[in-house]
Amino acid sequence: MARSIETAPERNGVWGEEKREAVPCSKPTSDESITSDDAGTVDEIVQDQPPALPFSKARCIALVATVAGASFLNTVSGQAVVIVLPTIGRHLDIPDSRLQWVVSAYNLAFGCFLLLWGRIADIYGKRKIFIWGSAWVAITTVINPFLPNEIAFDLFRGLQGLGAAANVPTAIGILGTTFPPGKAKNYAFSCYAAGAPLGAVFGNLVAGLIAEYASWKWVFGVIAILAAIITVAAIFVIPPPKHTLHQDGASVKGSVDWIGAFLITAGLLVLLFALTEGNVVGWRTPWVPVLIVVAVALVVVFVLWQQHLEKTGKQAPIMKVSMFHSKRFSAAMLIMGLFFSSFSGWLVFATYFYQDYQGQSVIQTTLRFLPTGVMGLICAFVVSQLLSRVPTYMMLAFGNACVAITCILFAAPIPPHTSYWAWSFIGMILSVIGADTAWPCLILFTSHSLPQADQALGGALVNACGQIGRAVGLAIATAIQTAVMAQQRGVSVEDAGYMKEWEDASLAGIRAANWFHMALGLCSLAVVLIAFRGSGIIGKIPAGNVKRNEQSAQPEAGRKAADEEMGISESDDAKRISQ
């Protein structure tokens, strides 16, 4: 192409759309002034003049650690509860057929309310919603273990997911609006991405130790303490927003598209419920496909309603459908769904392999996942350096390839008695390298693609795509596993039963599911290579940040070249300007 994305001006809207108005920046000191006589290219100027930190270095570190705690806490809450799930079932007398709802209630509430909370946060203030969400998680988690029956217990697990749906997307929004493009923002998003694998390891380890030596209720106690710490820290380190729509007189009641909120929340709720229950009651149960059709219909109506609101301008929609006019933005959301489905599905079936097939204890299983936490810390630092140096499509391709190779290792007919260090350890390392490489690229791309007013919505959207991908992928993988086990045992799918230790049929089912996860990873890799090739370096400091005082906008020829490279036509651009 005529020019690469790293020299494109700062964008407003989808990555690849130029702002049409000057954006003021801090005035350079006498030592830092840039004149036309300065030697070097624009890239050299950018390298020498990085954007200043918004606060002191100590406060920036504290802020990143606090908001990354949302990702960490969300994963801890999911992983730790899975470890003590059998103990909870025995204590509350929950049958195995309904035990998964202790986990599913949280995931359903989290996935269904992401977009609504993201929109409310952009209107009412991200800091406020983050604090409220974290405090809500702390309060509901403290109450949860003392509830005496199954229904109340599942209900409060859903309420915890509601709080997580508030603080997780707003965390991404806070990082996106606080840090300007550059090295600091790359560090921030890399640290946020590292929160998930670290949370998985911490959740497994703490839950395993508690299950072995203390009451299972302390699992919820530890989660509540962490949530309280994040809440208090957020009060002190996250700055109040300088401006919100609420300060302009807008109210949540008047500004939020409640019709759209109902449609998308109900649609996702019905879809995730049907996918969760399909593997329990059987896919041939009549009401399961009916619910899936209803869910798809609700989502379609939601999209049409959002198009109507955006076209008429009567009310701000929950989600601007026009953002998907960018092929790369649409591809990024598709990659998120495919990649997260592949990675999270592998995590589930790797746990099955160790616990259900090999019969390993909780502690032994946790120790086998421990390398992912250590490597996650290393990756966070390395990736933060690479984001400003390596083309985005290369990093995304590398991340997807690593996860696909991991799935192959667990799907290939390697003798199950082979030493952990010979292949499982390699798979653990590759998996976290893949996740911690692809995830920061995707959330940083999403942040750069959307204007400041929609940063929390962007965080909600990328997480919602991941949740939907996870639910759909896990449902299909479980169906494949069950079908293969039934075939190996010579019985019907309905009579396939549970996995058994060191049984060939159980191993065949796990391997078949991981071949499917590998296919998802390769599909995601293909989308990366097709849609993101030539996309430039997303983590590089835009030249417009440095020369904003000298030129308020890119010359028309340069703007057209940048738009052409991003696949944006003049007609699409005119529509966005008119809106």
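Quick note on UniProt numbering: the sequence shown kicks off at 1 and runs consecutively.
All residues carry an ideal CB built from backbone N, CA and C; glycine is no exception.
Give the single residue among Arg470, Ala475, Asp504 and Gly473 whose Cα lies nearest to the Cα of Ala486. Within the sequence shown, the letter at position 486 stands for residue 486. Checking every option, the nearest Cα to that of Ala486 belongs to Asp504.
Find the nearest neighbour of Ile235 within the set Met323, Ala297 and Lys128, judged by alpha-carbon distance. Stepping through the sequence shown from its first residue, residue 235 is reached at position 235. The option with the nearest alpha carbon to Ile235 is Lys128.
Rounded to whole angstroms, what's the CA-CA distance from Gln488 to Ala70? Just pull it up for me. Here residue 488 corresponds to residue number 488 of the sequence shown, with the count starting at 1. Here residue 70 corresponds to residue number 70 of the sequence shown, with the count starting at 1. One C-alpha to the other measures close to 43 Å.
Leaving out five residues before and five after Val493 in sequence, what residues of the same chain have Cβ atoms less than 8 Å from its Cβ? Walking along the sequence shown from the start, residue 493 turns up at place 493. Around Val493: Gly282, Thr482, Ala483 and Ala486.
Within the chosen definition, does the region 410-424 reach the region 498-513 through at least 3 CB pairs nearer than 8 Å? yes
Do Ser342 and Leu529 count as a contact pair if the criterion is CB distance below 8 Å? Translated into positions along the sequence shown, residue 529 becomes position 529. Translated into positions along the sequence shown, residue 342 becomes position 342. Against a cut-off of 8 Å, the Cβ pair of Ser342 and Leu529 comes out as no contact.
Any C-beta of chain C under 8 Å from that of Thr312: In the displayed structure, chain C is absent; only one protein chain is listed.
Cβ atoms of Ala401 and Phe532: under 8 Å apart, would you say? For the purposes of this step, residue 532 is taken as residue 532 along the sequence shown, with counting starting at 1. For the purposes of this step, residue 401 is taken as residue 401 along the sequence shown, with counting starting at 1. Taking 8 Å as the Cβ cut-off, Phe532 and Ala401 do not qualify as a contacting pair.
When the Cα atoms are used, what is the spatial distance from Thr478 to Asn279? The sequence position of residue 478 within the sequence shown is 478, counting from 1. The sequence position of residue 279 within the sequence shown is 279, counting from 1. Answer to the nearest angstrom: the Cα atoms are 7 Å apart.
Test item: CB-CB of Ile405 and Leu430 under 8 Å: To locate residue 405, count along the sequence shown from 1; it is residue 405. To locate residue 430, count along the sequence shown from 1; it is residue 430. Yes; because the gap between Cβ atoms is below 8 Å, this pair is in contact.
Can you tell me whether DSSP reads Val528 as helix, strand or coil? The residue given as residue 528 occupies position 528 in the sequence shown. Helix at Val528.
If we count the other Cβ atoms within 10 Å of its Cβ and call it buried at 16 or more, is His517 buried or exposed? In the sequence shown, residue 517 corresponds to position 517, counting from 1. Answer is buried; the Cβ neighbour count reaches 16.
With hydrogens ignored, establish whether the beta-carbon of Val237 is closer than 7 Å to any heavy atom of the ligand PLP. Absent from the structure shown: the ligand PLP. Ligands present: none.
Less than 8 Å between the beta carbons of Val299 and Gly267, yes or no? Along the sequence shown, one-based indexing puts residue 299 at 299. Along the sequence shown, one-based indexing puts residue 267 at 267. Yes, the pair counts as a contact, with Cβ atoms nearer than the cut-off.
Backbone CA spacing between Tyr213 and Ile88 [nearest angstrom]: In the sequence shown, counting from the first residue as 1, residue 213 sits at position 213. In the sequence shown, counting from the first residue as 1, residue 88 sits at position 88. Answer to the nearest angstrom: the Cα atoms are 15 Å apart.
4 or more residues per run - each alpha helix (DSSP H) lying fully within the region 275-349: 287-312
At 4 residues or longer, and completely inside the region 458-539: list those alpha helix (DSSP H) runs for me, N to C. 504-531
Kindly confirm or deny that the region 145-165 and the region 102-111 touch, where touching means at least three C-beta pairs closer than 8 Å. yes
Cβ contact (3+ pairs, closer than 8 Å) linking the region 202-218 and the region 366-379: yes
Local conformation of Leu272 per DSSP, three classes: As a working mapping, residue 272 is identified with position 272 in the sequence shown. Leu272 falls in the helix class under three-state DSSP.
Using the rule of at least 16 other Cβ atoms within 10 Å of the residue's Cβ for burial, across every protein chain shown, is Leu226 buried or exposed? Within the sequence shown, the letter at position 226 stands for residue 226. Label assigned to Leu226: buried.
Do you know offhand how far Val294's Cα is from Thr276's? Reading the sequence shown from its first residue, position 294 is the one you call residue 294. Reading the sequence shown from its first residue, position 276 is the one you call residue 276. Cα to Cα, Val294 sits roughly 15 Å from Thr276.
If you drop the 5 nearest sequence neighbours on each side, which residues of the same chain put their C-beta closer than 7 Å to that of Pro197? Against the sequence shown, residue 197 aligns to sequence position 197. Once the five neighbours on either side are set aside, the close Cβ partners of Pro197 are Thr372, Gly373, Gly376, Val432, Ala435 and Asp436.
Residue range of the unbroken alpha helix (DSSP H) whose run includes Ile235: Position 235 of the sequence shown, counting from 1, holds the residue named residue 235. Run containing Ile235: Lys217 to Val237, per the alpha helix (DSSP H) assignment.
Helix or strand or just coil, what does DSSP make of Asp257? Locating residue 257 in the sequence shown gives position 257, counting from the first residue. Three-state DSSP puts Asp257 in coil, outside helix and strand.
From the DSSP output, in three-state form, read off residue 592 for me. Residue numbering for the chain in the displayed model covers 1 to 579; residue 592 lies beyond these limits and cannot be assessed.
Could you pull out every residue in the same chain whose Cβ sits closer than 8 Å to the Cβ of Pro240, ignoring the five residues on either side in sequence? Translated into the one-based positions of the sequence shown, residue 240 becomes position 240. Here the set comprises Gly125 and Arg127.
Within a Cβ cutoff of 7 Å, which residues of the same chain sit near Trp258, ignoring the five residues on either side of it in sequence? Working through the sequence shown from its first residue, we reach residue 258 at position 258. Hits under 7 Å: none found.
Would you report the Cα separation of Cys191 and His91, rounded to the nearest angstrom? The residue labelled residue 191 in the question sits at position 191 within the sequence shown. The residue labelled residue 91 in the question sits at position 91 within the sequence shown. Straight-line Cα distance between these residues: approximately 38 Å.
With distances taken Cα to Cα, identify the nearest neighbour of Pro86 among Phe156, Gln355, Val168 and Pro391. The residue labelled residue 86 in the question sits at position 86 within the sequence shown. When each option's Cα is compared against that of Pro86, the closest is Gln355.
According to DSSP, simplified to helix, strand and coil, what is residue 613? With the chain represented from 1 up to 579, any question about residue 613 goes unanswered, as that position is not in the structure.
Between Lys183 and Ala194, what straight-line distance do the alpha-carbon atoms span, to the nearest angstrom? For this step, residue 183 is matched to residue 183 along the sequence shown. For this step, residue 194 is matched to residue 194 along the sequence shown. Distance between the alpha carbons of Lys183 and Ala194 is about 17 Å.
Between the alpha carbons of Gly133 and Val527, how many angstroms are there, rounded? Here residue 133 is taken as the residue at index 133 of the sequence shown, counted from 1. Here residue 527 is taken as the residue at index 527 of the sequence shown, counted from 1. Rounded to whole angstroms, Gly133 to Val527 spans 34 Å at the Cα level.
Measure the C-alpha to C-alpha separation of Leu386 and Pro181 and round it to an integer number of angstroms. Counting from one through the sequence shown, the residue named residue 386 turns up at place 386. Counting from one through the sequence shown, the residue named residue 181 turns up at place 181. So the two alpha carbons sit approximately 14 Å from each other.
Check whether the region 389-398 touches the region 447-458, taking contact to mean three or more Cβ pairs, one atom from each stretch, closer than 8 Å. no
In angstroms with no decimal places, state the Cα-to-Cα distance between Leu229 and Gln160. Here the question's residue 229 lines up with position 229 in the sequence shown. Here the question's residue 160 lines up with position 160 in the sequence shown. The sequence given here places Ile at residue 229; Leu does not occur at that position. Looking at the two C-alpha atoms, the distance is approximately 16 Å.
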